[in-house]
Ligand code: BMA
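Residue numbers (this note's numbering): 98 to 417.
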């Protein structure tokens with residue numbers, strides 16, 4: 098397959114030359130696919146919690162760490178965090194797509210992930226200090242809901258969650274929502290944060306948060322995915338938005354064009370073709386390292402300059 102869209106998405110993000118960096122064949126045990134990893138700086142290392150799909154079709158999370166964030170990945174020899182359907186029945190068909198943030202108030206990392214329940218996907222929460230033991234909070238948002246992350250700190254005494262409920266009627270659009278909680282347990286004051294567009298837009302009818310929000314001096318940078326539905330299936334691409342630093346319910350900017358999308362062979366061919374799906378980034382100085390699932394099969398990396406990304410999003414249309 099030729100790279101048909103070589104010019105469109107190479108400006109801001111550059112693909113790592115040795116992509117894909119993690120593949121099912123590298124796994125210490127038998128798996129079908131490794132993708133959609135959450136990412137965080139843990140001590141001196143980049144830590145990925147990779148979504149691993151087993152040979153029954155169920156997903157769990159497995160840790161992979163690397164000193165430079167690109168090479169020499171050390172992969173846990175068995176699942177790091179498995180579904181626990183006896184205590185948490187909502188995990189019955191697996192756990193997927195973790196988004197990790199380090200909470201500023203203490204030493205904990207919050208992992209917000211999708212539990213695949215008997216009634217469909219929903220949002221669950223766990224915390225950890227060491228990525229060995231996990232405290233599970235259970236369901237945060239009932240189904241259908243996914244693509245969720247916390248912010249690293251409270252705003253006026255409340256935690257904020259970004260998430261994406263899906264309406265039963267596709268024509269109503271699956272929009273990104275924002276909700277608040279005083280205690281990580283009781284959630285409310287929900288409203289639409291970033292709506293899916295309509296018509297032939299690349300992000301019409303379905304959008305969702307990709308990695309957790311990234312703090313910058315200009316506001317919270319959102320990398321979100323938009324899903325274009327075509328006769329040949331869906332195309333998962335990425336766009337940018339900027340939220341107000343003190344009040345993240347205010348969208349300041351939103352890019353019109355997508356900034357990254359499936360182009361290379363490993364993004365276009367796999368269990369689900371034409372998917373680029375990041376659940377984690379690491380920022381080191383000006384370097385934004387984006388870890389993304391490619392075609393629901395492998396893990397790949399693209400990098401960008403934070404300065405250039407912020408300049409780009411600031412040139413986008415004002416939203417307020
Ligand atoms: C979305 C999520 C992702 C997946 C993508 C493409 O709805 O469920 O886990 O990568 O679809 O299949």
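Just so you know, even glycine gets a beta-carbon here, dropped at the ideal spot from N, CA and C. It should be emphasised that the depicted structure is a prediction, and the values quoted were computed from it without experimental measurement.
Next on the checklist: Which residue marks the beginning of the alpha helix (DSSP H) containing residue 404, and which one marks its end?
Outcome noted: For residue 404, the uninterrupted alpha helix (DSSP H) segment begins and ends at 403-411.
Checklist entry - For residue 103, is the classification buried or exposed, using 16 other Cβ atoms within 10 angstroms of its Cβ as the cut-off for buried? => result Caution applies to residue 103, whose pLDDT of 47 falls short of 50 and renders its modelled position unreliable; the value that the coordinates give is listed next. When all chains shown are included, residue 103 counts as exposed.
Checklist entry - Looking only at its own chain, which residues have a Cβ that is under 7 Å from the Cβ of residue 315, when we skip the five neighbours before and after it? => result Taking residue 315 as the centre and dropping the five residues before and after it, the same chain places the C-beta of 339, 407 and 411 closer than 7 Å to its C-beta, in chain order.
Next on the checklist: Taking its Cβ as the centre, do 16 or more other Cβ atoms sit within 10 Å of residue 232, making it buried, or is it exposed?
Outcome noted: Counting the other CB atoms within 10 Å of its CB gives residue 232 a total below 16, which places it among the exposed residues.
Checklist entry - Along the chain, where does the beta strand (DSSP E) that runs through residue 233 open and close? => result 232-238 is the extent of the beta strand (DSSP E) around residue 233.
Next on the checklist: Quick check on residue 218: does DSSP put it in helix, strand or coil?
Outcome noted: Strand, per DSSP.
Next on the checklist: I need the straight-line Cα distance from residue 446 to residue 135, nearest angstrom please.
Outcome noted: The shown model of the chain, from 98 to 417, leaves out residue 446, and the question about it has no answer.
Checklist entry - To the nearest angstrom, how far is it from the Cα of residue 147 to the Cα of residue 297? => result About 33 Å.
Next on the checklist: Rounded to whole angstroms, what is the Cα-Cα separation between residue 99 and residue 370?
Outcome noted: Legend: pLDDT at residue 99 = 48, less than 50; position of this residue unreliable, no value from coordinates given.
Item to check | Bridge partners - residue 350, DSSP secondary structure assignment | outcome: Note: residue 350 sits in a beta bridge opposite 339 and 415.
Item to check | Length-filtered (3 minimum) beta strand (DSSP E) runs lying within the stretch 246-285 | outcome: The DSSP assignment places 256-262 and 273-278 as complete runs of the beta strand (DSSP E) inside the stretch 246-285, in order along the chain (cut-off: 3 residues).
Item to check | Helix, strand or coil at residue 123 [DSSP, three-state] | outcome: The answer is helix: DSSP assigns residue 123 an H, G or I state.
Next on the checklist: Here's a check: name, in chain order, each residue in its chain whose Cβ is nearer than 6 Å to the Cβ of residue 334, leaving out the five neighbours to either side.
Outcome noted: Setting aside the 5 residues that flank it on each side, residue 334 is surrounded in the same chain by 299, 323, 355 and 358, each with a C-beta closer than 6 Å to its C-beta; the list follows chain order.
Checklist entry - Exposed or buried, which one is residue 183 when buried takes at least 16 other CB atoms within 10 Å? => result With a 10 Å radius around the Cβ and a threshold of 16 neighbouring Cβ atoms, residue 183 comes out exposed.
Next on the checklist: Could you tell me which whole beta strand (DSSP E) segments of length 3 or greater appear in the stretch 137-208?
Outcome noted: Annotation: the stretch 137-208 contains the following complete segments of the beta strand (DSSP E) (minimum length 3 residues), in chain order: 142-150, 156-163 and 192-199.
Item to check | Extent of the continuous alpha helix (DSSP H) to which residue 312 belongs | outcome: From DSSP, residue 312 is part of no alpha helix (DSSP H) but of the beta strand (DSSP E) over 311-313.
Checklist entry - With 16 other CB atoms within 10 Å as the buried threshold, where does residue 325 fall? => result That one is buried.
Item to check | Span of the beta strand (DSSP E), counted from its first residue to its last, around residue 384 | outcome: Secondary structure note for residue 384: its beta strand (DSSP E) is the uninterrupted segment 384-391.
Checklist entry - What residue from 226, 154 and 141 has the CA that sits closest to residue 394's CA? => result Of the residues 226, 154 and 141, the one whose Cα lies closest to the Cα of residue 394 is 154.
Item to check | CB-CB length for residue 391 against residue 132, believed under 8 Å | outcome: 7 Å between Cβ atoms; contact.
Checklist entry - Along the chain, where does the beta strand (DSSP E) that runs through residue 321 open and close? => result From DSSP, the beta strand (DSSP E) with residue 321 extends over 316-327.
Checklist entry - Can you pull the DSSP bridge partners for residue 372? => result DSSP output for residue 372 lists 333 as bridge partner(s).
Checklist entry - Residues in its own chain within less than 6 Å of residue 346 by CB, not counting five upstream and five downstream? => result Take residue 346, set aside five residues on each side of it, and the residues of its chain with a beta-carbon closer than 6 Å to its own are 275, in chain order.
Next on the checklist: Please state the DSSP three-state secondary structure of residue 365.
Outcome noted: The three-state secondary structure of residue 365, taken from DSSP, is helix.
Item to check | beta strand (DSSP E) segment containing residue 306, residue limits | outcome: Membership of residue 306 in the beta strand (DSSP E) is indicated by the continuous run 304-306.
Next on the checklist: Less than 6 Å between C-beta atoms, sequence neighbours within five positions excluded: which residues of the same chain meet that for residue 331?
Outcome noted: A distance below 6 Å between beta-carbons, with the five flanking residues on each side excluded, links residue 331 to the following residues of its chain, in chain order: 324.
Checklist entry - Who are the Cβ neighbours of residue 250 in its own chain at under 8 Å, not counting the five residues just before and after it? => result Correct list, in chain order: 200, 201 and 202.
Checklist entry - Does the separation of the CB atoms of residue 214 and residue 187 fall below 7 Å? => result Yes, the Cβ-Cβ distance between residue 214 and residue 187 is below 7 Å.
Checklist entry - Using a Cβ-Cβ cut-off of 7 Å (strictly less than) and excluding sequence neighbours within five positions of residue 179, which residues of its own chain qualify? => result Short of 7 Å from the beta carbon of residue 179, and not among the five residues preceding or following it, lie these beta carbons of its own chain, in chain order: 157.
Checklist entry - For residue 228, is the classification buried or exposed, using 16 other Cβ atoms within 10 angstroms of its Cβ as the cut-off for buried? => result Buried is the call here.
Next on the checklist: Once the 5 residues before and after residue 469 are set aside, which same chain residues still bring their CB inside 8 Å of it?
Outcome noted: Residue 469 is absent from the structure shown; the chain starts at 98 and stops at 417.
Checklist entry - What do you get for residue 375, buried or exposed, if any count of 16 or more other CB atoms within 10 angstroms of its CB means buried? => result The Cβ neighbour count for residue 375, taken over all protein chains shown within 10 Å, is at least 16; the residue is labelled buried.
Next on the checklist: Quick check: the Cα distance between residue 117 and residue 367, rounded to an integer number of angstroms?
Outcome noted: For the pair residue 117 and residue 367, the Cα-to-Cα distance works out to about 12 Å.
Next on the checklist: Suppose the cutoff is 7 Å on Cβ atoms and the five residues either side in sequence are ignored; what does the same chain contact list for residue 353 look like?
Outcome noted: These residues qualify, in order along the chain: 413 and 414.
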